[in-house]
Amino acid sequence: MAAEYETIAGRVETEIEISRSRFLTRLERVENEDAARAVIADVRAEHPRARHHCSAFVLGPDGRVQRSNDDGEPSGTAGAPMLDALVSAGLSDVVAVVTRYFGGVLLGAGGLTRAYRASVAGAVLEGKRVRRGLRHEVAVDASYEVAAQIEAEARRRGYSVGDAEYSDTVLQRFAVAEEEVSGLQALAAELSAGAAEVTRGAARYVDL
-15 MAAEYETIAG RVETEIEISR SRFLTRLERV ENEDAARAVI ADVRAEHPRA RHHCSAFVLG
45 PDGRVQRSND DGEPSGTAGA PMLDALVSAG LSDVVAVVTR YFGGVLLGAG GLTRAYRASV
105 AGAVLEGKRV RRGLRHEVAV DASYEVAAQI EAEARRRGYS VGDAEYSDTV LQRFAVAEEE
165 VSGLQALAAE LSAGAAEVTR GAARYVDL
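Okay, here's the thing in structure tokens:
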């Protein structure tokens, strides 16, 4: 499983015109196939007069889930080049939908392929990228004084600091890379003289 990968921050919408045909592109960040198909359905409902709503999406840290649909365009001229644009950009957890309003001029297979790929590639350039990384949740239970010291040093080292629970002690959560877990454990032990309790939780992907 990939330690890190890139996606987009949020929705991107662009439009290009080629030989009087309008190509409206929407990129959305999604977590699963159901979410991707919901975006496709939403675009279809938003543009009921358009004949084609071609789509492609890539999902997962390794980009293993890949789907595309020509939606009535000649086979291989829309979905595949759209998917290629996403894969070539190194993005995952992204769905692309290109709505075409026909302008009366036939573009031919080659023209369609270039147009659909360019539509998605252009939208990718407009979007803000977000790097995601696999991080382990580590909870540190320590006294107030020690917890403050651990948090300060953790921030200095660049660890992600999460929420905290306050009672007689402070239960502070951190999200750290695999190779940083032992370092955080050692830090907590050193600053607390071994009194802090460190609990390692599950690993999950977070925005970096």
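Using our numbering, read the sequence shown as starting at -15 and increasing by one per residue.
By construction, the Cβ of each residue, glycine as well, lies at the ideal position given by its N, Cα and C atoms.
Taking 3 residues as the shortest admissible run, the segment 88 to 126 contains the following complete beta strand (DSSP E) segments, listed from N- to C-terminal end: 113 to 126. In the pairwise beta carbon analysis, the segment 108 to 121 is classified as not touching the segment 31 to 42: fewer than three pairs are separated by under 8 Å. Under the DSSP assignment, A80 falls in the beta strand (DSSP E) whose first and last residues are V78 to Y85. Assignment of L192 by DSSP, reduced to helix, strand and coil, places it in the coil class. Judged by pairs of C-beta atoms under 8 Å, the segment 70 to 88 touches the segment 103 to 111, as three or more such pairs exist. In the DSSP annotation of this structure, the continuous segment of the alpha helix (DSSP H) that includes S166 starts and ends at V165 to S176. The alpha-carbon separation between D46 and L192 amounts to approximately 17 Å. Counting only residues of its own chain and dropping the five nearest sequence neighbours on each side, A187 has a CB closer than 6 Å to the CB of L118 and H120. CA-CA distance, A(-14) to V23, rounds to 26 Å.
Around the beta carbon of N53, 16 or more other beta carbons lie within 10 angstroms, which makes this residue buried. Taken atom to atom, the span from the alpha-carbon of A138 to that of R84 is near 50 Å.
DSSP, read as helix, strand or coil, puts V14 in coil. In this structure, the beta-carbon distance from Y128 to V104 does not fall below 7 Å.
Between V49 and H37, the gap from beta carbon to beta carbon reaches 7 Å or more.
Take L96, set aside five residues on each side of it, and the residues of its chain with a beta-carbon closer than 8 Å to its own are E57, P58, T61 and A62, in chain order.
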